[in-house]
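Remarks on the structure that follows.
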Ligand code: ZN
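Residue numbers (our numbering): 24 to 510.
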């Protein structure tokens, strides 16, 4: 029985979908105005695991992950310049050129990380009409007000009727005390109120007509609107990074309750954050490493390149609610561990059966399911997979024997939990680059021996090495500058 931790009730709950065999899941996606970084990789991988596991359990999952392409402002989500409009201004591009470019790069990075695409990936800018209709309903219900062409959500009124801040555990009195004063801006009745619609300043390049002004929607609104449109007024899972709990998810909750009279979400799930060498990631701290920089090793903090599968494996070695700290040491040890896992997978394909068995594979599957059912405990699952690798290595090294049934089971087991559920790529398409390093070095070693043999005029040995490598599939060419080889 799958249990997941519900951030709203702060406890693990048995997962019961609203509709039999159908699960609706909404995850807050990226604001696409720059290259994807590790902060993007973690929620994507976390909810990819949720998606994969629920699918494995037989649910039909409708997974919606949005693209924020308008309305995400620089300060407090509510003030300052639109992040995409700013980039467009600086680069002299159309805002949608910025969106298209970075969305393409985001998708490429997600594919490299073997993150499955969601079922629907709606854009905020493609749902302006729906957002306007949504605002009208909140206005009709009395939880919003118009002010100078903008529309704001009335937080104190909502708090009085329903309570505001339950997810993040903030109480509104404290909130009102700590929210900075609105210096000279009297549009909002209360500093805690947030924008549903903003009147566009003359220099603002992204704007649409509305009953209130030529303007644009507030950032929090798109998620309430698009989740309702594609998943209904109530749906199963809403996910995102912990940093989105406040204000973004609190605002989403307030909007959907004001709009429909009841909460929309059954299970709130939040992944924890990533730090780099113990520090928060940030452009000003100089430790803001993009995914591409990880894949190529081109950032000054990186001692080498790390393959996308190393990054994925590293993230999965921690439980999604635990913190993850990136360092070169930690990544290198993840790379080594992944290499060991992939070697085990490869060796499994070469195992020869015996008539009798001295290995015990009977508990592996149950332990694997128990790990995943316990709030998607991937580190425990990885431990179980390493137990399987240990068995594989014993059989391969002839310190144990396994029957054909054992071997068939192990192959099914690894294909299900390593490949299908954890989403680790096991084919050597170059993705797992560095796990092939020992093999490349072994070939180089053979060629070094061959070069020595040639020097000593030992033609038998030198020809034997060349011919045997050729038979395996390596082509070896002698050139002026030495030896070249390829597969
Ligand atoms: Zn959202």
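Glycine residues also receive a C-beta, built at the ideal position from the N, C-alpha and C atoms. None of the values given here were measured: they were computed from a predicted structure.
Determine the extent of the beta strand (DSSP E) in which residue i is found, giving its start and end residues.
| i | result |
| --- | --- |
| residue 294 | 288–294 |
| residue 218 | 217–222 |
| residue 298 | 297–299 |
| residue 168 | 167–170 |
| residue 83 | 83–88 |
| residue 45 | 45–50 |
| residue 367 | No beta strand (DSSP E) holds residue 367; the alpha helix (DSSP H) holding it covers 351–371. |
| residue 259 | 258–264 |
| residue 36 | 34–37 |
| residue 176 | 173–176 |
| residue 239 | 238–240 |
By the DSSP assignment, the alpha helix (DSSP H) with residue i in it spans what residues?
| i | result |
| --- | --- |
| residue 153 | 151–164 |
| residue 16 | Here the chain comprises residues numbered 24 to 510, so residue 16 is not present and cannot be evaluated. |
| residue 26 | Per DSSP, residue 26 belongs to no alpha helix (DSSP H); it is in the beta strand (DSSP E), 26–29. |
| residue 406 | 401–419 |
| residue 233 | Per DSSP, residue 233 belongs to no alpha helix (DSSP H) and is neither H nor E. |
| residue 278 | 273–283 |
| residue 124 | 118–135 |
| residue 316 | 314–319 |
| residue 66 | 61–79 |
| residue 336 | 331–339 |
| residue 325 | Careful: residue 325 lies outside any alpha helix (DSSP H) and carries neither H nor E. |
| residue 343 | It is not in any alpha helix (DSSP H) - residue 343 carries neither H nor E in the DSSP assignment. |
| residue 268 | Looking at the DSSP string, residue 268 is not in any alpha helix (DSSP H), and its letter there is neither H nor E. |
| residue 491 | 482–495 |
Please classify residue i: is it buried, with 16 or more other beta-carbons within 10 angstroms of its beta-carbon, or exposed?
| i | result |
| --- | --- |
| residue 67 | buried |
| residue 224 | exposed |
| residue 89 | buried |
| residue 105 | buried |
| residue 113 | exposed |
| residue 24 | exposed |
| residue 335 | buried |
| residue 511 | No answer is possible for residue 511: it lies beyond the span of the chain, which begins at 24 and ends at 510. |
| residue 487 | exposed |
| residue 468 | exposed |
| residue 136 | buried |
| residue 464 | exposed |
| residue 84 | buried |
| residue 491 | exposed |
| residue 333 | buried |
| residue 351 | exposed |
| residue 242 | buried |
| residue 134 | exposed |
| residue 95 | buried |
| residue 361 | buried |
| residue 52 | buried |
| residue 44 | exposed |
Please work out which residues of its chain come closer than 6 Å, Cβ to Cβ, to residue i, disregarding the five sequence neighbours upstream and downstream, and give them in chain order.
| i | result |
| --- | --- |
| residue 494 | none |
| residue 183 | none |
| residue 415 | 367, 370 and 371 |
| residue 238 | 220, 221, 222, 223 and 230 |
| residue 152 | none |
| residue 349 | 299 |
| residue 93 | 147, 148, 229 and 239 |
| residue 319 | 328 |
| residue 249 | 89, 145 and 150 |
| residue 432 | 384 |
| residue 344 | 295 |
| residue 115 | none |
| residue 91 | 54 and 147 |
| residue 498 | 509 |
Considering only residues of the same chain and omitting the five flanking positions on each side of residue i, which have a CB-CB separation below 8 Å?
| i | result |
| --- | --- |
| residue 282 | 157, 160, 161, 164, 247 and 251 |
| residue 477 | 485 |
Spatial neighbours of residue i within its chain, please: CB distance less than 7 Å, with the 5 preceding and 5 following residues excluded, ordered by chain position.
| i | result |
| --- | --- |
| residue 400 | 342 and 394 |
| residue 86 | 48, 74, 141 and 142 |
| residue 391 | 404, 407 and 440 |
| residue 191 | 268, 269 and 273 |
| residue 172 | 222, 235, 236 and 238 |
| residue 276 | 190 and 286 |
The region 289–297 in contact with the region 312–328 per 3-pair CB rule at 8 Å: No, because fewer than three Cβ pairs between the region 289–297 and the region 312–328 fall closer than 8 Å, the two stretches do not touch.
Meets three-Cβ-pair contact criterion under 8 Å: the region 102–109 and the region 160–177: no
contact_flag[the region 226–236, the region 77–90] where n(CB pairs < 8 Å) is 3 or more: no
Three-pair Cβ contact test at 8 Å for the region 403–412 versus the region 438–447: yes
Stretch-stretch touch, CB-based, cutoff 8 Å, three pairs: the region 425–434 with the region 377–389: They touch, by the three-pair rule.
The region 187–200 / the region 250–266 touching (three or more Cβ pairs under 8 Å): The region 187–200, when compared against the region 250–266, does not touch it at the 8 Å Cβ threshold.
Check your reading: residues with Cβ closer than 5 Å to the ligand ZN heavy atoms: Listed along the chain, these residues meet the criterion: 51 and 246.
Three or more C-beta pairs below 8 Å linking the region 304–313 and the region 36–43: With fewer than three CB-CB distances shorter than 8 Å, the region 304–313 does not count as touching the region 36–43.
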